[in-house]
Amino acid sequence: MRGLAFLLLILAIAGTALGAGGIAFSFFEDGGLLLPSIALMVLPWALWVPVRRRATAQGRAPFEAALISLEPNVANWYDGSGLALDSANGKLLVGSRGEVALHSLGDLTEVQFVPESVGSVSAGGASSMGALGAILALFAIGSATAGHLGSGLFLTLGGRRWQVFGVGKDEAQLWMVELRKVAPQAHFKEPA
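The number in my numbering is simply the position in the sequence shown, starting from 1, with 52 added.
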């Protein structure tokens, strides 16, 4: 769901750019392109908004229900996933992709932050290249989507690897500082 939301966002941005160009073209050349250009600007955003809301809210209710039983020092809900630390009771609550689990801090074996990366393929100015430009645009969209989906704070708890989406670099560093204090046995991998 999160990948679909990101892909729709990219398409909505591209549709806005193409629609704006179509509107400008319709004023100077062909007035018949005005309505399709406006539709190209509006429809992708109309699809993106409900998908984005659903992807972000998925799993939040079970996470918040489990959070009630804790006394968290730090807790946050991110882009469809959440993390809460109850150091007084030695517990870590993780929620991702609709699943929620409460772990002992002793179960934490590895913590790694992978920042969001965008591939080096650029499709800027490739529209005049025809089929090759379309292929480059697809590679750019795929690379951006893969970079977005592969990012986050990764926690290995009890043998399972959890991915907490939407955590920025500064906040990930704060989480790593807090987790180092309470789980010295864990291996912390810094971003390259």
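All residues carry an ideal CB built from backbone N, CA and C; glycine is no exception.
*Hey, quick one: how far does the alpha helix (DSSP H) through E230 stretch, first residue to last?*
Its alpha helix (DSSP H) spans residues K221 to V234.
_Quick check on the DSSP output: what are the complete alpha helix (DSSP H) runs of length 4 or more inside the stretch 79-143, in order along the chain?_
If we require 4 residues or more, the alpha helix (DSSP H) runs fully inside the stretch 79-143 come out as 86-109 and 112-119.
*Take L205 as the anchor and find which of G211, L99, A76 and V163 has the nearest alpha-carbon.*
Of the listed residues, the one whose Cα sits closest to L205 is V163.
*From the DSSP output, in three-state form, read off A178 for me.*
At A178, the pLDDT of 48 sits below 50, so the modelled position is not reliable and the matter cannot be decided from this model.
_G204 - containing beta strand (DSSP E), residue span_ = From DSSP, the beta strand (DSSP E) with G204 extends over G204 to L209.
_As assigned by DSSP and simplified to three states, the class of A5_ = Limits of the chain in this structure are 53 at one end and 244 at the other, which puts residue 5 out of reach.
*V152 and A127: beta carbons closer than 8 Å?*
With respect to A127, V152 sits apart: the two C-beta atoms are not nearer than 8 Å.
*Mind checking whether V146 and W214 have CB atoms under 8 Å apart?*
The Cβ atoms of V146 and W214 sit closer than 8 Å to each other.
*Candidates Q110, N141 and M228: which alpha carbon is nearest D131's?*
It is Q110 whose Cα lies nearest to the Cα of D131.
*What whole-angstrom Cβ distance do L144 and L226 have, given they're in contact under 8 Å?*
About 15 Å separates the CB atoms of L144 and L226; that is not less than 8 Å, and the two are not in contact.
*Hey, quick one: how far does the beta strand (DSSP E) through F217 stretch, first residue to last?*
Run containing F217: none; DSSP gives neither H nor E here.
*Excluding sequence positions up to five away, which residues of its chain have a Cβ less than 6 Å from the Cβ of P114?*
Answer for P114: V152, listed in chain order.
_Proximity below 8 Å, CB of A224 to CB of L231_ = Not in contact: A224 and L231 (Cβ atoms no closer than 8 Å).
*Are the beta-carbon atoms belonging to D138 and E123 less than 8 Å from one another?*
Contact: yes.
*Local conformation of G150 per DSSP, three classes*: If DSSP states are grouped into helix, strand and coil, G150 belongs with coil.
*asked:* Give me the residue from L92, V216 and S78 with the minimum Cα distance to L63.
replied: Closest by alpha carbon: L92.
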